[in-house]
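Following: one structure in structure tokens, then a few remarks.
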Amino acid sequence: MTVIPVKRLDAAKSRLRGAVAEDRHPELVLAMVADTAAAVLNATTVAGLIVVTDDPVVAAVVRKMGAEVAADPGAGLNAALRFGADEVAGRAAHRAVLTGDLPALRPEQLDAALAGVTGRAFVPDAAGTGTVLLAVPPRTPLDPRFGPGSAAAHRASGAIPLTGDWPGLRQDVDSAADLDTVLELGAGDRTRALLRDVGLSQACTPAGCAR
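Quick note, the sequence shown lines up with residues 1 to 211 if you use the UniProt record's numbering.
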């Protein structure tokens, strides 16, 4: 099972504020979540997707896509991840948690990363300091360490770093520059459409966008 945590849209991705007009910010967050969820649901190694959120709009969108929704326990990101993975999915399952801001993720990249999981393992973000994925086999506690410096924290906790040619998996979005990068990588349909609508990209195709 795979778990994605999503804050309420009016509070999510605060570091990305200003990349689009303030009134379009929630739409951008939702587009990235939906593109991430679509890639996860199309991965052959994924048995199902649980989205941990208290946002009714997010819940409605991902349910329509085929995901399960669990209420956020309200104690922060790592608590939401533990709840979704260890309690909702259950420790008897293989579990992976992902950030919800991976709009250039491809299902085959997620499949390749999960194929390398034999113990508790993580995928660092493109910068090498954060974490985009943490996975555990059955009966292993998730023990997430997301937050500033999470790659080092996960490594120090005994998780094994996974490496591979997975640019869409590793590229999360925290800044306007990151939006440029995911457009070059080939962002998902919803993110491309939203950015085209606000004038941040012109000729967008699944392979990328001409600026």
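Glycine included, C-beta positions come from ideal geometry on N, C-alpha and C.
Item                                                                                                         : Value
Where G147 falls, given that 16 or more other Cβ within 10 Å makes a residue buried                          : exposed
Test item: CB-CB of H94 and P141 under 8 Å                                                                   : no
Residue 230: first and last residue of the uninterrupted alpha helix (DSSP H) it sits in                     : With the chain covering 1 to 211 only, the question about residue 230 has no answer from this structure.
Cβ-based burial, A207 [other Cβ within 10 Å; buried from 16]                                                 : Since pLDDT at A207 reaches only 49, below the 50 mark, its modelled position is unreliable, and the value read off the structure follows with that caveat. A207 should be labelled exposed.
Among V173, D143, G199, A60, the one whose alpha carbon lies nearest that of A127                            : V173
Beta-carbon separation (whole angstroms), R191 vs L114, contact threshold 8 Å                                : This sequence places Thr at residue 191; Arg is not what is there. Actually they do not touch by this definition, with Cβ atoms about 23 Å apart.
Other residues of its chain near N78: CB distance less than 6 Å, five sequence neighbours each side excluded : P144, F146
One or two residues paired with E68 in a DSSP bridge                                                         : I50
Euclidean distance between Cα positions of A151 and D178                                                     : 19 Å
Beta-carbon proximity check, V57 vs L16, cutoff 8 Å                                                          : no
Three-state secondary structure (DSSP) of P107                                                               : helix
Given A176 as reference, the closest of P26, N42, K7, A19 once Cα atoms are compared                         : A19
Proximity winner among R120, L49, V69, L9, relative to residue 222 (alpha-carbon distances)                  : Since the first residue of the chain shown is 1 and the last is 211, residue 222 is not available in this structure.
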